[in-house]
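Working notes for the structure below.
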Amino acid sequence: MNKRLAIFGLLWICFSVKAQIKTSFPAEITEKAYAVVQSNEIDFICESATNALKKENYTVTVLDEKGKEAAHFLCMCDQFSSLNKFSGEVYDRTGNLIRKIKKSELKMSEYSSGLTTDDYMYFFECNIGQYPYTVKYEWEIKYKNGLISFPPFAPQSRFNLSVVEANYRLHVPAEVTYRTKILNSGNKFQSKTTPKGATYSEISFKNLKAIEKELYGAPLEALIPIVYLGPDNFIFDGSQGDMSTWKSYGNWQYALLKDRDILPPELKEKIHQLTSGCNSEKEKVKVLYDYLAANTRYVSIQLGIGGLQPTPATNVYKTGFGDCKALSNYLKAMLQEVGINSNYTVISTDRVKLLKDFASVGQMNHVILQVPLKEETLWLECTNAQLPLGYIHRDIAGHDAILIKENGGELCTLPSYPDSVNTQIRTAQITLDNNGKAHIQTTQKCDLFQYEHLSAITHMQPDEQKDLLRSQIRLTQASVNNISIQESKRANPQIDVQFQTECQQFGNKTGNRLFIPANLFRNYFTVPKQEKRTSDIYIKYGYADTDSVLITLPEGFVLEAMPKPTSVSCRFGSFESSIENKGTQICVRQRLFLKKGKFPANTYEEFANFAQTISDLYGGRIVLKKE
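If you count by mature numbering (1 follows the signal peptide of the UniProt record, and there is no 0), then the sequence shown holds residues -19 to -1, 1 to 608, one letter each, in order.
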C-alpha cells in the first residue's frame, strides 16, 4: 500500500513539473517570434531604505536558432547587490526535464578589463541545438547598503520575443514612499495597504505579441511596455538624497561634487601660466581644454557612491586618467581656478529624451561640461578632447540633459545642427583610356556629423587609410595613392581628404562599347518593400551628400546613352541627378538631402519608392561607343 502510494506520488510530482511547461502556443503568440516567454514572475521586497530582496522566476521556450539568446542567463551585480540563489532546468520539445543547471556552473566575469569597477556579472549560455526547448531559471538577488531605484520591468526584452504572462509584485514598508512610471501600456498597478501601512502592488502583462525589427524602425524601448520604479527619498552608499524631481536629484548630485575640485598648488600655477596671455574667457577655455587633451586619457571608473561620484581632481592630475565624471570635474576645477563658471552636466548618449516627470539616474550614462560664456554657451566633451572646442557631437546633439547646479538639477536640451550642414562633398576627375583603364583624382570634404565619420582616418596607418578610402568607391581592386589630409578643428569642423586612384578596368567593355558607372562613390540606398509596415519611420541623422564627377572620354569614343536628368522631392528629402555631355567630357552631378525625423508608418511606401529612385540613379550606367 505504502509502496503504491509512493510510486503514485512520484508520478504525480513528475506530471506536475511537466504540466508547468507548455509545449504549444496559440498562433498569435508564435507569429514573428523566435522565442516565447511562458512566464516571468518578479517579487521585489523592499525591506528598508537600504535593503531589499528580488525573487525572479523566468521560463522561456526557444523556437529556433534565432531565439537562442533569449535562453541565456545574465545577472549583473556590484557592491550593492549579490546573487544569493540560483537554479535552472532545461526541458525538451515534449516538456521532459533533460538537465538541471547549478549555480556552480555559472561563469562570473568583470564587465571589461578596461574598466575600473566593482561591477561583475554571472552568465550561462544555454545552447541545446534541438528546437524547440524550454529553460526555466529561478534566482534571488540581495540588495544592501542602498536603493537609489527599484529594478525596472520590461518583460519583452528583445525583438521577436512574445510573452504569455509576466507579473511584477512590489512589497514596500510604510516608511518608504515610491514612484512609478509606466510607458507604452495602459496597464496599471493594483495596490493594497496592510494595517501597518505597508504597500503591496502588482502589475501584469499577458499575451504580448512578438515585435519584428524594421529597417528605419522605432527603437525597442519605444514599442514595449516598460515599468520604472523608485523611492522618493533614498540612502545610497551612506549618502541620503531625494529623487522625487530632477531638481532634488541635482541637489544630491551637486553635494557629491563637494571638495572634489581641489587642485594642487603646482597645477594652479601652471593654469595661470597657460592662460596669462589670453584675451578672452573663450581663449582660456580653449587653452585648458587643449591641456586636458594633451595630459589625460579616458578610463571608465565605476567607483565612489555607486559610480556616480567623480574621483577628486587631484587624483586625475596625479594619474593622468579618469572617466567622463572625473575628466569633466577636472576641467571644471581648472576653469574655476581662472574665474570661469561651468556646470557638471549628466546626459545619455543613447536616449534623446529624458522623462520629465520621473527622475532616475538610470536614464543617463554620460557626463559632459557646460560652460556658459557671455557670447555663447559651450558644451565640452571631456572624454575626447580631440573633438574641436564648441562642437557638439552626434551622440549628444539635441539630447536632453540635467545641469547640476548649486540650487538643484535643471532639465535642458542641447543644441543640434540643421540637416543641411551635415555635408559630404565629393569631386572626382576621371581620365579613361581606350581599354577602360582609369586615372582618378578625388577630393572629399566632410562637415559636422559627416566629419565624425571620416575623422578617424587621421589616426590610421597608411595602409589602413588606403583600405578605408578604397572601401568608399565601387572599385575594389583599385590602387589608392598620394593621400593628403587636412583637418579643420573649428566649432563647425571639416576634414578634407584628397587621393589618387588607378584602376585597370573602370566599368565593363563589350565589343566596341564601354559601360561605366555614373557615380563611382555610391552603390545603393536600399529600403526594402514591406506589405505591412508596423513601426513609424525613424531617421536618426539628416545629411546632404553631393557628388560631382568629370569624366574625360578616351580618344575615339563618344557618348551613346546616359541616365536622364531627375529631380525628386518628398517629405523625407530630395534627390537631384544630372548628366551633361560636353563633347570629350561628361559631367555628372548628384545630390541627396535626407531629413531626420519621425514619419508615420503609412508613409513607408513613399519612403521605399524615394529610396528606390535614388538607388537606381546611383547605380546608373553611361554607355560609350567607339567611333
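Yeah, the Cβ is synthetic: ideal placement off N, Cα and C, and Gly gets one too.
Name the two residues that bound the continuous beta strand (DSSP E) containing residue i.
| i | result |
| --- | --- |
| Asp331 | No beta strand (DSSP E) holds Asp331; DSSP gives it neither H nor E. |
| Tyr149 | 142 to 153 |
| Phe556 | 554 to 562 |
| Ile216 | 214 to 217 |
| Asp223 | 220 to 223 |
| Val280 | Careful: Val280 lies outside any beta strand (DSSP E) and carries neither H nor E. |
| Gly578 | 578 to 580 |
| Asn296 | No beta strand (DSSP E) contains Asn296, which is instead part of the alpha helix (DSSP H) from 294 to 300. |
| Asp381 | 381 to 386 |
| Glu50 | Glu50 -> no beta strand (DSSP E), and no H or E assigned at all. |
| Tyr112 | Taken as a continuous stretch (DSSP letters only), Tyr112 belongs to no beta strand (DSSP E), as it is neither H nor E. |
From residue i to residue j, what does the alpha carbon distance come to, in whole angstroms?
| i | j | result |
| --- | --- | --- |
| Ala(-14) | Met224 | Reliability fails at Ala(-14), whose pLDDT of 40 lies under 50, so the model's placement of it is uncertain and the value that follows must be treated cautiously. Rounded to the nearest angstrom, the two C-alpha atoms are 56 Å apart. |
| Gly219 | Gly127 | 7 Å |
| Tyr112 | Ala191 | 18 Å |
| Val266 | Lys36 | 51 Å |
| Ile603 | Val549 | 21 Å |
| Asp448 | Ser401 | 29 Å |
| Glu536 | Asn416 | 10 Å |
| Cys(-6) | Tyr101 | Reliability fails at Cys(-6), whose pLDDT of 38 lies under 50, so the model's placement of it is uncertain and no value is given. |
| Tyr197 | Lys513 | 14 Å |
| Ala378 | Thr40 | 40 Å |
| Ile466 | Val478 | 5 Å |
| Glu391 | Ile595 | 44 Å |
| Phe105 | Gln234 | 36 Å |
| Lys576 | Leu255 | 43 Å |
| residue 621 | Ser85 | Since the displayed the chain opens at -19 and closes at 608, residue 621 lies outside it and no answer follows. |
| Gln290 | Val116 | 39 Å |
| Thr515 | Thr584 | 11 Å |
| Thr226 | Leu573 | 44 Å |
| Gly95 | Asp331 | The pLDDT assigned to Gly95 is 45, lower than 50, so where the model puts this residue is not dependable; a value taken from the coordinates is nonetheless given after this. Distance between the alpha carbons of Gly95 and Asp331 is about 21 Å. |
| Ile26 | Leu64 | 15 Å |
| Leu350 | Pro474 | 19 Å |
| His374 | Leu429 | 8 Å |
| Ala275 | Leu316 | 16 Å |
| Asn590 | Met543 | 22 Å |
| Ile476 | Asp271 | 19 Å |
| Met(-19) | Leu78 | With a pLDDT of 39 at Met(-19), under the threshold of 50, the predicted position of this residue should be treated as unreliable, though the coordinate-derived value follows. Rounded to the nearest angstrom, the two C-alpha atoms are 28 Å apart. |
| Glu468 | Glu557 | 29 Å |
According to the Cβ coordinates, are residue i and residue j closer than 9 Å?
| i | j | result |
| --- | --- | --- |
| Ser143 | Ile205 | no |
| Glu121 | Asn188 | no |
| residue 609 | Thr364 | No statement about residue 609 is possible, as the shown extent of the chain runs from -19 to 608 and does not include it. |
| Leu164 | Glu202 | yes |
| Thr158 | Ser182 | no |
| Glu357 | Gly371 | yes |
| Tyr114 | Ser68 | no |
| Gln431 | Gln405 | yes |
| Asn504 | Gln571 | no |
| Ile129 | Gly222 | yes |
| Lys459 | Arg451 | The residue asked about is misnamed: residue 459 is Ala in this sequence, not Lys. Against a cut-off of 9 Å, the Cβ pair of Arg451 and Ala459 comes out as a contact. |
| Gly167 | Lys386 | no |
| Thr31 | Lys3 | no |
| Phe54 | Tyr124 | no |
For chain B, find out if any of its Cβ atoms is closer than 9 Å to the Cβ of residue i; answer yes or no.
| i | result |
| --- | --- |
| Asn168 | The structure shown contains no chain B; it is built from a single protein chain. |
Starting from residue i, trace the alpha helix (DSSP H) both ways and give me its first and last residue.
| i | result |
| --- | --- |
| Pro443 | 443 to 452 |
| Met345 | Note, Met345: premise wrong, no alpha helix (DSSP H); not H, not E. |
| Cys305 | 305 to 318 |
| Ser172 | No alpha helix (DSSP H) contains Ser172, which is instead part of the beta strand (DSSP E) from 171 to 174. |
Mind checking who residue i pairs with in its DSSP beta bridge?
| i | result |
| --- | --- |
| Ala542 | Val604 |
| Ala33 | Cys27, Tyr124 |
| Glu15 | Going by the sequence as given, residue 15 is Tyr instead of Glu. According to DSSP, Tyr15 bridges with nothing at all. |
| Tyr235 | None; Tyr235 has no bridge partner. |
| Trp227 | In DSSP, Trp227 forms no bridge with anything. |
| Glu483 | His420, Ser460 |
| Tyr159 | Pro212 |
| Glu70 | Lys81, Lys117 |
| Thr358 | Pro353 |
| Ser185 | Asn148 |
| Gln571 | Asp528, Ser558 |
Segments assigned alpha helix (DSSP H), at least 4 residues, entirely inside the region 400 to 447: 430 to 436
Beta strand (DSSP E) runs contained entirely in the region 490 to 521, provided each spans 3 or more residues: 494 to 498, 518 to 520
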